[in-house]
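This report concerns only the one structure given below.
Protein chains in written order, with the UniProt record's numbering: chain R, 1 to 351; chain C, 1 to 351.
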């Protein structure tokens, strides 16, 4: 970047939400691309603001919830129609009025889907201290999905060596890491995913003990039972719905369910009914949701654990990268039909 | 009792399970009365056995599950067709081969529905040390329902002063006590029950802040919202099903649900679908089942808390007592249509 950029108006491509989704899954046409302009400088008087050049944008399932304008308590991420959609990303700081960031810093955190973002209240923005790993990892493995996997598995599931662990959407941004954490701890790990390619990844790349394609199984209860004749201690749930219902029948007494996501349900106008909740009573199960953002203070501990594992090749991570902001709407909506293989990222610019 | 009883065969009325329930609610005709005989002495060589004269038998909702022969892990309480049904009760020890019990002791714990029970493995049988309160209380307030209320509320719900608490089946054996615990702690407490009489009890006798009859409410979501405009911190669930579904929409972020029972579902051949579980993810809820029998070690602490409160009249308890073993089947099946007002007990014999 040349220094003259800072004082000029630059062209600024943006992904704009056309209207909130009223029914069904988000479609590409619910968004459109607009080319506006951006001054690459924090405006006078904007203390705390930072001006970002976005490098990678993260496609996350919860963005489907926000496209429906659901009233979610505690969310800092609500969308506005006619404005760029928002999400996590990796960026370089071009200008800063904020004492915590300086020009040239690499950061990850909440940003907007455009080439240049002016973030006026960067509460959820973190400086990247370790750039010897792929920067895109800070949208996944080393970002929110990674921290979500860590907190969900270690804090919510209270796992013990030798326990049996089942993971849905197991090749996704969170699932692939949960499975590897569980293997590192010495658990028996089974995952399910929606294609042969993904199922192969689970076993060949992530070291799962077993994996199956749920789309090939007419009887989910039996398919799960086949993998867990003695039952499941821990279910890491990314999908909800019918899979959750089938798992409940296969849980062991005192089992734990991390309610991480319910992607199968986000775009249903009327969510599926789950019939087997009585198992929570009968088997003393605990089912628990969690906000990763409540536990950001665990991020340094998480990095300390994970960075050496990545550098030593003990933890793998599969990303599915689309190039160019123009590819963003398609990349995002593809999540809801399982088009992505691994963590879905949009690469916006070179570092 | 005369000492000659010990050596004679006595007539022994029993409530026998005719067949397991296959469909629908248990009916009186699923049981029958039989008059057998009992020797009132522990047989030679039966170390550990005790011979009980039953005084009070407890009608508990989970007996409906066992009448359906559901495979419940960890249950010491399975029924056998052609044998007396089993449950909790209060009894006097007539004879004992067990060093922990002696003739004349009053006990509470697992027994069988007959006049005299030979308990060969009395793992779940406790000596009653405090008989200055009504003995029937050891089927309720001072027995399993009481300990369940204590553990479910204090251990599972992790309540704090000033939080909002909602209780279903609130006038029942467990609910009435949860409400009083919550009031003693300084919570805002609302209960729901299925008749005007029960609702009146909640407010007049147990000190609930609000109460409503769910049968009068065409819109449960709105009825609950009317009582909790800011939402619910703690839901103590005794019923499951549609009420749980309506509550999920009204929970606050980081709310807790004690999954104590799901009486609305025990007799459904296909349980209701619960559609709003996504709230567990979106609001970081915790929903947890528990086995009271896992936490029997808390019983002394529980007694220490509760006995003074009972003696000082700070905790009330309503019982609904039927007299005579013959009344047992009707008393038990009445639970599933809410016929009982308060804790349902069958008084079998005088002390």
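Beta carbons: idealized from backbone N, C-alpha and C, even for Gly. Nothing here was measured: the structure is a model prediction, and the numbers come from that model.
State the Cα-Cα distance for the pair residue 12(R) and residue 78(R), rounded to the nearest angstrom. Distance between the alpha carbons of residue 12(R) and residue 78(R) is about 22 Å.
Residue-chain proximity (residue 278(C), chain R), Cβ-Cβ < 9 Å: For residue 278(C), the nearest beta carbon of chain R is closer than 9 Å to its own beta carbon.
Kindly indicate which three-state DSSP category residue 28(R) falls into: helix, strand or coil? Helix.
Rounded C-beta distance between residue 38(C) and residue 116(C)? I'm assuming under 8 Å. 4 Å
Residues within the segment 280-312 of chain C neighbouring chain R, beta-carbon criterion of under 8 Å: 280, 281, 282, 283, 284, 285, 286, 287, 288, 289, 290, 291, 294
Where does residue 336(R) sit, in a helix, a strand or coil, going by DSSP? helix
With a threshold of 7 Å on Cβ separation, who are the neighbours of residue 240(C) within its own chain once the five nearest residues in sequence on each side are excluded? So the list reads 262, 264, 265, once near-sequence residues are dropped.
Put residue 2(C) into one of helix, strand or coil per three-state DSSP. For residue 2(C), the predicted structure reports a pLDDT of 47, less than 50, and the residue's modelled location is therefore unreliable. A value from the coordinates is still provided. Coil at residue 2(C), not helix or strand.
With respect to the beta strand (DSSP E) encompassing residue 262(R), which residues constitute its N-terminal and C-terminal limits? Neither: residue 262(R) is in no beta strand (DSSP E) and is coded neither H nor E.
Per-residue burial, residue 323(R) [other beta carbons within 10 Å of its own, 16 or more giving buried]: exposed
May I have a chain-ordered list of the beta strand (DSSP E) segments no shorter than 3 residues that lie completely inside the segment 198-229 of chain C? Segments of the beta strand (DSSP E) lying fully in the segment 198-229 of chain C: 210-213.
Count the other CB atoms, across all protein chains shown, that sit within 10 Å of the CB of residue 158(R); report buried if there are 16 or more and exposed otherwise. That one is exposed.
At a Cβ threshold of 9 Å, is residue 271(R) touching chain C? yes
Check whether the Cβ of residue 335(C) lies closer than 9 Å to any Cβ atom in chain R. no
Going by the CB atoms, is the gap between residue 206(C) and residue 168(C) shorter than 9 Å? no
Run through DSSP, which three-state label would residue 89(R) get? In the structure shown, residue 89(R) sits in a strand (DSSP, three-state: E or B).
Between residue 356(R) and residue 270(C), what straight-line distance do the alpha-carbon atoms span, to the nearest angstrom? A query on residue 356(R) cannot be resolved here, the shown segment of chain R reaching from 1 to 351 and no further.
Top-ranked residue by Cα proximity to residue 291(R), from 91(R), 155(R), 69(R): 155(R)
Measure the alpha-carbon distance for residue 208(C) versus residue 175(C) and round it to whole angstroms. 11 Å
Can you pull the DSSP bridge partners for residue 110(R)? 88(R)
Residue 16(C): buried (16+ other C-beta within 10 angstroms of its C-beta) or exposed? buried
Does the segment 295-307 of chain C touch the segment 82-100 of chain C, meaning 3 or more C-beta pairs lie closer than 8 Å? no
Rounded C-alpha distance that separates residue 161(R) from residue 91(R): 38 Å
At least three beta-carbon pairs within less than 8 Å, the segment 197-205 of chain R to the segment 271-281 of chain R: The segment 197-205 of chain R is not in contact with the segment 271-281 of chain R.
Whole-angstrom C-beta distance between residue 20(C) and residue 83(C), which should lie under 8 Å: In this structure residue 83(C) is not in contact with residue 20(C), their Cβ atoms being roughly 12 Å apart against a cut-off of 8 Å.
Bounding residues of the beta strand (DSSP E) (the contiguous stretch that carries residue 148(R)): Where residue 148(R) is concerned, there is no enclosing beta strand (DSSP E), although the alpha helix (DSSP H) it sits in stretches over 144-150.
Any chain R beta carbon closer than 9 Å to residue 5(C): For residue 5(C), the pLDDT reaches just 49, beneath the cut-off of 50, and the residue's location in the model is therefore unreliable, leaving the point undetermined.
What residue from 230(C), 244(C), 178(C) has the CA that sits closest to residue 252(C)'s CA? 230(C)
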